[in-house]
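Residue numbering for the sequence shown follows the working numbering, beginning at 1 and increasing consecutively. See structure below.
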Amino acid sequence: MTLEAQEKDTIIGQIIDILTADKSHKNQESGFTDFLEAFLKRGNAEDFSRVGVDQLCEQLSSCWDFAQTRKFGNHKINISSDAHDRHDAQSYVHIINDDTPFLFDSILNEFNENGSAPKFLLHPLISVKRDSKANLTKVVGDDEYSGDLSGVARESHVHIVIDKLNEAEQEKLIAGLENVLLNVKYTVLDWKPMSARIKAVLKDYRKNAPNVPPSELQESMEFMDWLLDDNFTFLGIREYCFESESLDGSFVHVADTGLGVLRNDNIEVLKRGEENLTITPEILDFIMRPEPVFVAKANIKSVVHRRTYMDYIGLKIYDDAGNITGELKVVGLFTSGAYTSSPLNIPLLRR
1 MTLEAQEKDT
11 IIGQIIDILT
21 ADKSHKNQES
31 GFTDFLEAFL
41 KRGNAEDFSR
51 VGVDQLCEQL
61 SSCWDFAQTR
71 KFGNHKINIS
81 SDAHDRHDAQ
91 SYVHIINDDT
101 PFLFDSILNE
111 FNENGSAPKF
121 LLHPLISVKR
131 DSKANLTKVV
141 GDDEYSGDLS
151 GVARESHVHI
161 VIDKLNEAEQ
171 EKLIAGLENV
181 LLNVKYTVLD
191 WKPMSARIKA
201 VLKDYRKNAP
211 NVPPSELQES
221 MEFMDWLLDD
231 NFTFLGIREY
241 CFESESLDGS
251 FVHVADTGLG
261 VLRNDNIEVL
271 KRGEENLTIT
281 PEILDFIMRP
291 EPVFVAKANI
301 KSVVHRRTYM
311 DYIGLKIYDD
321 AGNITGELKV
331 VGLFTSGAYT
341 SSPLNIPLLR
351 R
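Have a look at this one:
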């Protein structure tokens, strides 16, 4: 064992001894020690020494109290702050959520966007059981995790310490985190329905071939199949239809077709300044061309996974006669694997 590991174990032992000896902590019998170990094993000795045992005990006590109730499927956010306003005053942010993809990096991106750089953070994954009223009944330790897992859920805890926020700054950060967590939830919940809807469009292409050159259709379908093969992170889709035969820009979204980050009807992937747009001259040009698929950059940033401008894929929708009737807008992010692939192996680009 290295000296750093020994120092870490010593600090962890001190914290656990102090906190478990304090019988004022409620519900200790539900796995208080396992909870503390799950938190502390994710940290390092240098950070622990810098923060100090007393401060860590205080923070972990608050984390335990906050974890006593949570309804599965819902997130919780809490921000508390030091009472004093000295230069070293801090705010303490604790978030509990179901363990899901994209969660941790999306949360950190929001802190960076907010200008609140983390000074100290812990991100344990904790297995728990809760009763019908969402009360914590058991923390399942690692040594028990291979046993009976009925009723056990994996929770993600994110504990972050930042410079002290005033009330307005707290409200802004909470609003941003609420938006992030909601969009992460929708993205994860709707991943399969989004993929299924895209596959349904491709099936329609094969069943009722639109009035486009066969080579264009084949290349477009192969491109979409390539995206579905883990080369694109699908964040949102929404269907739009044309309300006029002249295709003059009467372009509206179809109710109840938004999934992922596009569940919110007020979000559009295109903007001019602060104005939401459903169509642009470039999109109209795409509509008039034979290609079934259009690739562009959205001009809104993703709050899920990476804080960057989303990629936008447009799929034309056709009627049974092969005439264009609308568009399926798809937004997301090309994966790192896509960026490292040779263009010679990517449909559409290889031409």
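For each residue, glycine too, the CB sits at the ideal point set by N, CA and C. Only a predicted model underlies this, so the values are computations on that prediction, with no experimental measurement involved.
>> Could you tell me the alpha carbon to alpha carbon distance between residue 299 and residue 118, rounded to whole angstroms?
In response: 28 Å
> Under 8 Å, do residue 97 and residue 103 count as touching if we go by C-beta distance?
Replying inline: yes
> To which residues does DSSP link residue 33 through a beta bridge?
Replying inline: Its beta-bridge partners do not exist; DSSP assigns none.
> What residue ranges within the region 79 to 149 form continuous alpha helix (DSSP H) runs of no fewer than 4 residues, ordered along the chain?
Replying inline: 103 to 113
> Just how far apart, CA to CA, sit residue 45 and residue 5?
Replying inline: 7 Å
> Skipping 5 residues on each side, what residues in its chain have a beta carbon closer than 6 Å to that of residue 107?
Replying inline: 158
>> Using CA atoms only, rank isn't needed, just tell me which of 215, 243, 165 is closest to residue 88.
In response: 165
> Just the Cα atoms here: how many angstroms apart are residue 292 and residue 216?
Replying inline: 7 Å
> Where does the unbroken alpha helix (DSSP H) through residue 66 begin, and where does it stop?
Replying inline: 53 to 66
>> Quick check on the DSSP output: the alpha helix (DSSP H) that includes residue 228 runs from which residue to which?
In response: 214 to 228
>> Along the chain, where does the beta strand (DSSP E) containing residue 334 start, and where does it finish?
In response: 324 to 334
>> Tell me which residue opens and which closes the beta strand (DSSP E) that residue 314 is part of.
In response: 309 to 318
> DSSP state of residue 156, grouped into three classes?
Replying inline: strand
> Would you report the Cα separation of residue 67 and residue 136, rounded to the nearest angstrom?
Replying inline: 7 Å
> Start and end of the beta strand (DSSP E) containing residue 20?
Replying inline: First-last for residue 20: 3 to 21, but that is the alpha helix (DSSP H), not the beta strand (DSSP E).
> Touching or not, the region 321 to 328 and the region 207 to 215, by the rule of three or more beta carbon pairs under 8 Å?
Replying inline: yes
>> In this structure, how does DSSP classify residue 163 when only helix, strand and coil are distinguished?
In response: strand
>> Assuming the contact rule is C-beta atoms closer than 8 Å, residue 70 and residue 134 should be a hit. Round their C-beta distance to whole Å, please.
In response: 6 Å
> CA-CA distance, residue 227 and residue 251?
Replying inline: 26 Å
> Tell me, which residues are paired with residue 296 by DSSP?
Replying inline: 312
>> Using C-beta distances below 8 Å, list every residue in its chain close to residue 182, excluding the 5 sequence neighbours before and after it, in chain order.
In response: none
>> Let me make sure I understand the geometry here. Which of 229, 234, 255 has the alpha-carbon closest to that of residue 241?
In response: 255
>> Using the Cβ count rule (16 or more neighbours within 10 Å means buried), how would you classify residue 38?
In response: buried
> When we look at the beta-carbon of residue 327 and count the other beta-carbons within 10 Å, is it buried (16 or more) or exposed?
Replying inline: buried
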